[in-house]
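Residue numbers (the working numbering), protein chains in the order written: chain E, 134 to 328; chain R, 9 to 202.
Idealized CB from N, CA, C, for every residue including glycine.
Encoded as structure tokens, the structure appears first; notes follow it.
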């Protein structure tokens, strides 16, 4: 059952034809029996009709010209504002700084690579030089050192001198300490062989 | 309400986004009248309404790339106009400028009509229109927007819901209350007049 309150709540749905068939029937029933609701519905429908047919107001003739001017003025104002805030004026220095920084970075990277390369060459060359240096003085010292004749030289001819390859591990320490003597003995041996 | 154009509004704005200024002019031609009537019924001042419409198109021009084809173009442009009109109305209220003078300037049109022997029915309808228009300006802002979009601009509930940014149910209820409130205002005005 539709009462006046419900009628008012549903009035727009009725006008806009959004009520179901059953709801519409109930609504019409109340409308026929309630003069105030009937009057309200009529006034709303009449007002709505007037509003739909409101006379159309027309824009002034220079609307389009004014709009174009407005757009142009706005565009110019934006350009000036961006120049003032430095969007354009700061763009060049920013690029310059950027270019400078990039250039500096390239120089640093290049020089670092060069230094690394140089070091690598030095490291490769140094051990060879050191090896040469190590072997050269030994020969000189061996040449310069006067031959020391060991006290047990008398038994050289009778006692066999072991070669380097036949030296036992147990004898290694002894050989290391007596190395100059062994060299000397070897040399004597080779001299003897030549004779 | 909806007119059948070969190119849809959405296609036009796309063309404009791609740099076709002619598409923008077409948009202006399609919408300037509708938006002007909407703004005028809302503000009840022709110059202000025209300013609002110009500002609307200026915004469309500036913000063309922010439009995405998620919403209808008409919804987007009506939203801009509605927001600009509301902002102007609030500024006016703050300055307490509303506006016996504005009403009087519009009344002059009726005086002009009388001197040119307009038929009585037209005169009556002009008078009724003026009364209803005055009553509309007495509605709260949210009622005013909704009822103008529905009963003057004849937009669908869905579209109004998108423009105002409220659910469909809220919009239906708001339009119903706006229509009832408008009748109350009109009755009050008749009583005062009598």
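Straight-line Cα distance separating residue j from residue i
| i | j | result |
| --- | --- | --- |
| residue 66 of chain R | residue 153 of chain R | 22 angstroms |
| residue 307 of chain E | residue 255 of chain E | In this prediction, residue 307 of chain E scores a pLDDT of 48, lower than 50, which makes its location untrustworthy; the coordinate-derived value is nonetheless stated afterwards. Using only the alpha carbons, I get a separation of about 39 angstroms. |
| residue 31 of chain R | residue 51 of chain R | 29 angstroms |
| residue 180 of chain E | residue 168 of chain E | 18 angstroms |
| residue 194 of chain R | residue 172 of chain E | 13 angstroms |
| residue 76 of chain R | residue 26 of chain R | 13 angstroms |
| residue 170 of chain R | residue 97 of chain R | 21 angstroms |
| residue 100 of chain R | residue 235 of chain E | 56 angstroms |
| residue 58 of chain R | residue 197 of chain E | 11 angstroms |
| residue 209 of chain E | residue 251 of chain E | 59 angstroms |
| residue 140 of chain E | residue 71 of chain R | 45 angstroms |
| residue 80 of chain R | residue 200 of chain E | 24 angstroms |
| residue 191 of chain R | residue 197 of chain R | 10 angstroms |
| residue 149 of chain E | residue 178 of chain R | 16 angstroms |
C-beta contact flag for residue i and residue j at 8 angstroms
| i | j | result |
| --- | --- | --- |
| residue 82 of chain R | residue 28 of chain R | no |
| residue 135 of chain R | residue 185 of chain R | no |
| residue 41 of chain R | residue 192 of chain E | yes |
| residue 141 of chain R | residue 46 of chain R | no |
| residue 68 of chain R | residue 92 of chain R | no |
| residue 176 of chain E | residue 183 of chain R | no |
| residue 147 of chain R | residue 155 of chain R | yes |
| residue 190 of chain E | residue 44 of chain R | yes |
| residue 89 of chain R | residue 64 of chain R | yes |
| residue 137 of chain R | residue 187 of chain E | yes |
| residue 154 of chain E | residue 143 of chain E | no |
| residue 62 of chain R | residue 203 of chain E | yes |
| residue 174 of chain E | residue 164 of chain E | yes |
Under 9 angstroms by beta carbon: chain R residues contacting residue i
| i | result |
| --- | --- |
| residue 196 of chain E | 36, 40, 44, 58, 61 and 62 |
| residue 140 of chain E | Within chain R, no residue comes near residue 140 of chain E; the closest Cβ sits about 11 angstroms away, beyond 9 angstroms. |
| residue 173 of chain E | 188 and 191 |
| residue 207 of chain E | 66, 69 and 70 |
| residue 190 of chain E | 41, 44, 45, 48, 49, 54 and 57 |
Residue i - DSSP class collapsed to helix/strand/coil
| i | result |
| --- | --- |
| residue 20 of chain R | helix |
| residue 75 of chain R | coil |
| residue 153 of chain E | coil |
| residue 27 of chain R | coil |
| residue 161 of chain R | coil |
| residue 167 of chain E | coil |
| residue 239 of chain E | helix |
| residue 134 of chain E | coil |
| residue 186 of chain E | coil |
| residue 177 of chain R | helix |
| residue 133 of chain R | helix |
| residue 166 of chain R | helix |
| residue 153 of chain R | helix |
| residue 52 of chain R | coil |
| residue 195 of chain E | coil |
| residue 89 of chain R | helix |
| residue 94 of chain R | helix |
| residue 146 of chain R | coil |
| residue 14 of chain R | coil |
| residue 229 of chain E | helix |
| residue 83 of chain R | helix |
| residue 218 of chain E | coil |
| residue 122 of chain R | Residue confidence for residue 122 of chain R is low, a pLDDT of 40 falling below 50, so the modelled location carries little weight and cannot support an answer. |
Exposure label - residue i; buried when at least 16 CB within 10 Å
| i | result |
| --- | --- |
| residue 56 of chain R | buried |
| residue 134 of chain E | exposed |
| residue 195 of chain E | exposed |
| residue 116 of chain R | In this prediction, residue 116 of chain R scores a pLDDT of 43, lower than 50, which makes its location untrustworthy; the coordinate-derived value is nonetheless stated afterwards. Residue 116 of chain R should be labelled exposed. |
| residue 180 of chain R | buried |
| residue 143 of chain R | buried |
| residue 14 of chain R | exposed |
| residue 35 of chain R | buried |
| residue 48 of chain R | buried |
| residue 246 of chain E | exposed |
| residue 158 of chain R | buried |
| residue 243 of chain E | exposed |
| residue 53 of chain R | buried |
| residue 237 of chain E | exposed |
Listed by chain order, chain E residues near residue i by CB distance under 8 angstroms
| i | result |
| --- | --- |
| residue 136 of chain R | 183 |
Proximal residues of chain E, C-beta to C-beta of residue i below 9 angstroms
| i | result |
| --- | --- |
| residue 65 of chain R | 200, 203 and 204 |
| residue 187 of chain R | 144, 145, 148, 177, 180 and 181 |
| residue 194 of chain R | 176 and 180 |
| residue 180 of chain R | 145, 146, 149 and 151 |
Within chain E, the residues that residue i reaches when beta carbons sit closer than 7 angstroms
| i | result |
| --- | --- |
| residue 159 of chain R | 181, 184 and 185 |
| residue 69 of chain R | 204 |
| residue 163 of chain R | Those within 7 angstroms of residue 163 of chain R in chain E number zero; the least Cβ separation is about 12 angstroms. |
| residue 140 of chain R | 180, 183 and 184 |
Proximal residues of chain R, C-beta to C-beta of residue i below 7 angstroms
| i | result |
| --- | --- |
| residue 135 of chain E | In chain order: nothing, as chain R lies at least about 15 angstroms away. |
| residue 193 of chain E | 58 |
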